[in-house]
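> Dumping the structure here so I can ask a few things about it.
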Ligand code: BG6
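In our numbering, the protein residues as written are 18 to 503.
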């Protein structure tokens, strides 16, 4: 048995973005509207509940559909990556990125989702992006669906609750996997697939006021995504056996608030609900505890013959996940007070500090997650999102001294290294929003994650010029020394 000394030689260092938060150009070159284009900017009262933050109802959708410009809808203008990708990729190359995670904007390829032919201009755009990355030897890591399904599939079919959407997704996946088979090796089928249960519009195009049993519709949508993911995985392997195809989970580790057996059990249950997604996508079957839950909640999952076999036979090559924060479980939440978190709120952990949005900062939790998931599944893990959302100040001399971000990243990477020393197989690390982008949950520009600053405010004013923050040189050094000098 050899002893691991630190980050492996070919560790995939890089950064990540999503099309809907970065590209902008929401109606350029034949692109259709996406679910993300429906989310308006509004001043927040608090940051506790993502559902409130997204604010999407039948009524708000109607309003958004009638609103033809990008003004007031930040994800429609993003940071104009669509026109500035060359400049941005040059900066990623300067950072030394080995990998860059991005998503393909599904309605750029199939504007209505059910079109007979793909939109050539959309396909060409990603050819250009992948070629640009190749110029610098940066490997693309492509998410097929990251909160940006064609809005027409929501309006006409009811989103992922409708089985027909599986076919549209598979056609889309086949189109892009074929087109980019020699340019892209790493694929993720769905971003944070568990969002479909937590915020079903963002994750699955499910509008709450259109369903009597919203929970049932959400689980049905999730089942369709599992099936679609397996089909795309199967197809991908036929298209190019060299592909490496992964799932993607927002890992939300829950700690018991106390050592009371009830709290400990509650934490176990909350972790089971989070890990049910990787259970299906890695082990190939639904975990047994769900049967009782479905029965008690009137959830009648409709499966087609062959679904179970498909899930069993087409599991993923690796698990990718996002990790920002940890959560706390208890049977007596009223005792503790609530704080915000990734996708939903949680009770406060007195041992942790919180960022301005309430997310609890817990680097050790990342080590725990890596070890626990590797113990459970024993396949390679890839951290494809991690980072600190913070407000940055541009000093009079133009510098941005984001020591808090350096601290956050250093503390988390130190724990990644510890997990690797503990024997966990970690493929890579792509920090979230290597360049500042629009926030997924709040649509703010001022919630920044990047080591590259983008001059734009919450209302969309600014030059869009890019500047290197202090963390830029720090991350560059970390990559150059393969994590030796942090
Ligand atoms: C993840 C999403 O949940 O968290 C990203 O995959 C998102 O799209 C990231 O941007 C950070 O969340 P937020 O809401 O701070 O942008």
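Backbone N, C-alpha and C define an ideal beta-carbon position, used for all residues, glycine too.
In this text, all values refer to a predicted model and were calculated from it rather than measured experimentally.
Flag residue 406 as yes when its Cβ comes closer than 7 Å to any non-hydrogen atom of the ligand BG6, and as no otherwise.
Checking every heavy atom of the ligand BG6 against the Cβ of residue 406, one is found closer than 7 Å.
> Is it the case that the CB of residue 235 approaches a heavy atom of the ligand BG6 more closely than 7 Å?
No, since every heavy atom of the ligand BG6 falls outside the 7 Å radius drawn around the Cβ of residue 235.
> Identify, in the order they occur along the chain, each residue of the same chain with its Cβ nearer than 7 Å to the Cβ of residue 491, setting aside the five sequence neighbours on each side.
423.
> From residue 144 to residue 196, what does the alpha carbon distance come to, in whole angstroms?
About 9 Å.
> Leaving out five residues before and five after residue 289 in sequence, what residues of the same chain have Cβ atoms less than 8 Å from its Cβ?
Cβ neighbours of residue 289 beyond the five flanking positions: 304 and 306.
> According to DSSP, which residues form a beta bridge with residue 33?
Beta-bridge pairing links residue 33 to 118 and 449.
> Find out if the Cβ-Cβ distance for the pair residue 325, residue 261 is shorter than 8 Å.
Against a cut-off of 8 Å, the Cβ pair of residue 261 and residue 325 comes out as no contact.
> For a quick check, are the C-beta atoms of residue 165 and residue 120 less than 8 Å apart?
Cβ atoms of residue 165 and residue 120: closer than 8 Å.
> Check this for me: beta carbons of residue 98 and residue 40, under 8 Å apart or not?
Contact: yes.
> Considering only the beta carbon of each residue, do residue 463 and residue 408 sit closer than 8 Å?
Yes, Cβ-Cβ distance for residue 463 and residue 408 is below 8 Å.
> Can you check whether the CB of residue 453 is closer than 8 Å to the CB of residue 470?
Yes, they are a contact pair.
> For residue 204, which residues does DSSP report across the bridge?
BP columns for residue 204 point to 159 and 262.
> Between which residues of its own chain and residue 444 is the CB-CB distance below 8 Å, once the five residues before and five after are set aside?
Around residue 444: 28, 29, 335, 397, 398 and 399.
> In chain order, what residues of the same chain have a beta carbon less than 7 Å from the beta carbon of residue 189, not counting five sequence neighbours either side?
If we look at residue 189 and ignore the five residues flanking it on each side, its Cβ neighbours are 123, 126 and 127.
> For the ligand BG6, I want to know if residue 449 counts as a neighbour, meaning its beta carbon is within less than 7 Å of at least one of the ligand's heavy atoms.
Within the cutoff, so yes.
> Can we say the region 210-228 touches the region 266-286, given the rule of at least three CB pairs closer than 8 Å?
The region 210-228 vs the region 266-286: in contact.
> CB residue 53 to CB residue 85, shorter than 8 Å?
No, the pair does not count as a contact, with Cβ atoms beyond the cut-off.
> Leaving aside the five residues before and after residue 231 along the sequence, list all residues of the same chain whose C-beta is less than 6 Å from its C-beta, in chain order.
Within the same chain, residue 231 has close Cβ partners 225.
> Assign residue 255 to one of three DSSP states: helix, strand, or coil.
In the structure shown, residue 255 sits in a helix (DSSP, three-state: H, G or I).
> With a threshold of 16 other CB atoms inside 10 Å of the CB of residue 322, please say whether the residue is buried or exposed.
Exposed is the call here.
> To which residues does DSSP link residue 267 through a beta bridge?
Partner(s): 339.
> Let me make sure I understand the geometry here. Which of 94, 44 and 281 has the alpha-carbon closest to that of residue 476?
With distances taken between Cα atoms, residue 476 lies closest to 94.
> Cβ atoms of residue 280 and residue 347: under 8 Å apart, would you say?
Going by C-beta atoms, residue 347 is nearer than 8 Å to residue 280.
> Given a cut-off of 8 Å on the beta-carbon distance, is the pair residue 383 and residue 340 in contact?
Yes, these two residues count as a Cβ contact at 8 Å.
> Name the two residues that bound the continuous beta strand (DSSP E) containing residue 346.
Run containing residue 346: 344-346, per the beta strand (DSSP E) assignment.
> So for residue 166, helix, strand or coil by DSSP?
Coil at residue 166, not helix or strand.
> So what's residue 297 in DSSP terms, helix, strand or just coil?
Here residue 297 sits in helix by DSSP.
> Within the continuous beta strand (DSSP E) that includes residue 125, where are the two ends?
It is not in any beta strand (DSSP E) - residue 125 instead sits in the alpha helix (DSSP H) that spans 123-126.
> Quick check on this structure: which residue in 296, 327, 79 and 155 has the alpha carbon closest to the alpha carbon of residue 31?
Nearest of 296, 327, 79 and 155 to residue 31, Cα basis: 155.
> Under 8 Å by Cβ, that's how I've got residue 64 and residue 374 pegged, so tell me the actual separation to the nearest angstrom.
With a Cβ gap of about 5 Å, residue 64 and residue 374 count as contacting.
> Just how far apart, CA to CA, sit residue 55 and residue 172?
Looking at the two C-alpha atoms, the distance is approximately 12 Å.
> Roughly how many whole angstroms lie between the Cα atoms of residue 38 and residue 206?
When rounded, the distance between both Cα atoms is 18 Å.
> If we ignore side chains and look at the alpha-carbon of each, how far apart do residue 380 and residue 343 end up?
Distance between the alpha carbons of residue 380 and residue 343: 9 Å.
> To the nearest angstrom, how far is the alpha carbon of residue 163 from that of residue 337?
So the two alpha carbons sit approximately 13 Å from each other.
> Does the ligand SAM have a heavy atom nearer than 7 Å to the CB of residue 64?
Among the ligands present in this structure, namely the ligand BG6, the ligand SAM is not found.
> Near residue 504, what residues of its chain come up, given a Cβ to Cβ distance below 6 Å and the 5 sequence neighbours on each side ignored?
Residue 504 is absent from the model: the chain starts at 18 and stops at 503.
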